[in-house]
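Number of protein chains: 2
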Amino acid sequence: MTDNSRLIVALDLKVPDKAMELAREIHREIFAIKINWPLLMVAGVGIIRELSSYGRVICDLKIADIPNTNSLITSNVKENGGWGIITHAFTGSDSLAAVIEAAGEMKVFAVVSMSHPGSDQFINSVSMDLLEMAMKEKISGVIAPGNDLVMLRRIRNAGKGLMILSPGIGVQGGNPADAIRNGSDYVIAGRSIYNSEDPLGEVRRINSAVSSVIHRSS
Amino acid sequence: MTDNSRLIVALDLKVPDKAMELAREIHREIFAIKINWPLLMVAGVGIIRELSSYGRVICDLKIADIPNTNSLITSNVKENGGWGIITHAFTGSDSLAAVIEAAGEMKVFAVVSMSHPGSDQFINSVSMDLLEMAMKEKISGVIAPGNDLVMLRRIRNAGKGLMILSPGIGVQGGNPADAIRNGSDYVIAGRSIYNSEDPLGEVRRINSAVSSVIHRSS
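If you want it as structure tokens, here you go:
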């Protein structure tokens with residue numbers, strides 16, 4: 001994987017062989033791979049280690065349990081070679097602290113905002129409080145929507161020094177260049193890549209859209 | 001397993017053989033077994049099917065993702081023979097509806113309140129709203145703390161017709177008889193059973209404490 005890319009690819013696939021094949025094809029030109037529970041349930045946690053042979057793997061587990069359970073889940077990801085883990089913050093500071101402690105060197109990203117319609121019922125009404133709490137716990141970064149630029153900018157402004165990862169790119173309407181311009185450090189795209197006839201071409205298209213913004217602003 | 005028991009045993013173990021052995025020992029005298037991610041990560045989801053040979057298995061996954069991911073997680077549990085699944089509600093009605101739809105005949109229980117200290121920062125301040133939303137989505141039941149009888153009674157009163165499962169029994173301070181008297185339908189105990197020298201004896205002790213309450217009130 002490469003530090004020159006700001007793209008994290010969500011391998012939201014249920015077929016382990018397809019996930020491995022896609023990783024092999026695109027890993028040299030992306031920043032990281034993100035996987036979630038449905039793949040882990042089918043493949044077993046060993047796939048974290050297999051995918052790690054290609055570089056950074058972020059486990060998007062949206063952990064939301066009591067501190068002890070959060071700690072056990074995180075330790076398991078760490079033992080299997082994960083580079084990063086995504087947890088909820090909604091379950092409070094002790095639950096979040098348990099993830100961060102068990103993670104050690106592994107990066108921990110907190111969900112403080114989501115972008116499906118139901119997010120507005122509960123989680124998005126406390127996004128700024130979740131962010132503030134997560135920063136007190138010394139989180140590595142947060143998840144902020146790439147398709148809601150108002151929310152993204154609020155989180156960018158309040159979250160000085162945090163790494164911001166933004167889903168909602170591609171099929172969900174977000175534009176990678178706009179997300180980066182509005183505060184994302186890394187954009188997360190899934191379907192637009194793994195459902196493409198030419199995944200590597202799509203990766204390059206996103207990388208190039210992002211590069212033009214970064215070079216203009218630096 | 002038996003309908004005569006109101007006890008759900010949390011097998012929060014990381015060693016699959018120990019979980020299977022304990023299930024074999026106690027399954028005839030309990031209502032259901034509850035398992036969570038740390039065991040599934042080590043054992044693989046196939047353990048849901050193995051444990052199901054002893055009866056009802058509730059997967060306590062505290063699902064908290066977007067609708068599509070929630071649906072995939074739930075389908076996987078269903079395909080492996082789960083009897084019930086535990087999901088969060090704070091990710092909103094569409095995420096919850098996705099679990100309920102994918103669950104089919106499987107029971108779905110929503111977390112509307114938790115009992116670790118951090119719960120009071122976010123989730124417990126919206127417990128009644130979560131409950132109301134979950135009832136609109138036709139949830140089977142909810143999780144309500146067996147060691148916070150005030151919250152338990154509020155949830156019991158507002159949650160007419162819902163099955164209430166209560167953790168926090170035993171090591172976490174809750175008393176099974178008090179929980180049942182205050183509205184729980186089933187109590188969940190873990191450590192007090194699996195860390196006991198005599199797990200079956202502990203199961204019988206809880207069953208008997210619960211029975212005396214039920215017989216007195218009926």
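Sequence order for the protein chains is B and F. For the first sequence, the residue numbers in the UniProt record's numbering are 1 to 218. For the second sequence, the residue numbers in the UniProt record's numbering are 1 to 218. Ideal Cβ positions, reconstructed from N, Cα and C, are used throughout, including at glycine.
Taking a C-beta distance under 8 Å as the contact criterion, Ala144 of chain F and Ser125 of chain F do not qualify as a contact pair.
Assignment of Asp178 of chain B by DSSP, reduced to helix, strand and coil, places it in the helix class. With a cut-off of 8 Å on Cβ pairs, the segment 56-71 of chain B is not in contact with the segment 97-109 of chain F, counting fewer than three such pairs. Val108 of chain F and Lys78 of chain F have their C-alpha atoms roughly 11 Å apart. A residue is called buried when at least 16 other Cβ atoms come within 10 angstroms of its Cβ; Arg28 of chain B does not meet this threshold and is exposed. Taken through DSSP and simplified to helix, strand or coil, Ser166 of chain F comes out as strand. The beta carbon of Gly104 of chain F lies closer than 8 Å to those of Lys78 in the same chain, with the five residues before and after it left out. Spatial neighbours of Ala43 of chain F in its own chain (CB-CB distance under 6 Å, excluding positions within 5 residues in sequence) are listed in chain order as Pro16. Along the segment 112-123 of chain B, the positions whose C-beta sits under 9 Å from a C-beta of chain F are Met114, Ser115, His116, Pro117, Gly118, Ser119, Asp120, Gln121, Phe122, Ile123, read in chain order. Pairing Ser127 of chain B with Asn157 of chain B, the inter-Cα distance amounts to about 13 Å. Excluding residues up to 5 positions away in sequence, Ala64 lie with their Cβ nearer than 6 Å to the Cβ of Thr91 of chain B in the same chain. Note on Gly161 of chain B: under 16 other CB atoms within 10 angstroms of its CB, so exposed under the neighbour-count rule. Leaving aside the five residues that flank Asp3 of chain B on each side, the residues in its chain whose CB is nearer than 8 Å to its CB run, in chain order, Phe31. Ser212 of chain B places its beta carbon 8 Å or farther from that of Met151 of chain B. Phe122 of chain B has no beta-bridge partner at all, per DSSP. Shown here for Gly82 of chain B: same chain residues with a beta carbon closer than 8 Å to its own, the five before and five after excluded, namely Ile48, Ser52, Val57, Ile58, Cys59, Met106 in chain order. Within the model, the alpha-carbon separation for Met133 of chain B versus Leu39 of chain B is close to 30 Å. When the five nearest sequence neighbours on each side are left out, the beta carbons in the same chain lying within less than 7 Å of the beta carbon of Ala89 of chain B are those of Leu96, Ala110, Val111, Val112, Leu130, Met133, Ala134, in order along the chain. DSSP places Asn76 of chain F in the uninterrupted alpha helix (DSSP H) bounded by 67-79.
Beta bridge pairing from DSSP links Val57 of chain B with B:Ile33. In the three-state reduction of the DSSP assignment, Gly92 of chain F falls in the coil class, being assigned neither a helical nor a strand state. For Lys18 of chain B, the uninterrupted alpha helix (DSSP H) run begins and ends at 16-26, by DSSP. Per DSSP, the beta bridge partners of Ala189 of chain B are B:Val9.
CA-CA distance, Ser115 of chain B to Ser71 of chain F, rounds to 17 Å.
For the segment 65-93 of chain B, the set of positions with a beta-carbon nearer than 7 Å to some beta-carbon of chain F reads Asp65, Ile66, Pro67, Thr69, Leu72, Ile73, Asn76, His88, Phe90, Thr91, Gly92, Ser93 in chain order.
The beta carbon of Gly44 of chain F sits closer than 8 Å to some beta carbon of chain B. Interface residue (Cβ-Cβ distance to chain F less than 8 Å): Val126 of chain B is classified as such. Here Pro117 of chain B is exposed: its Cβ has fewer than 16 other Cβ atoms, across all protein chains shown, within 10 Å. If the five residues before and after Asn182 of chain B are omitted, its C-beta is found closer than 8 Å to the C-beta atoms of Leu149, Leu152, Arg153, Arg156, all from its own chain and listed in chain order.
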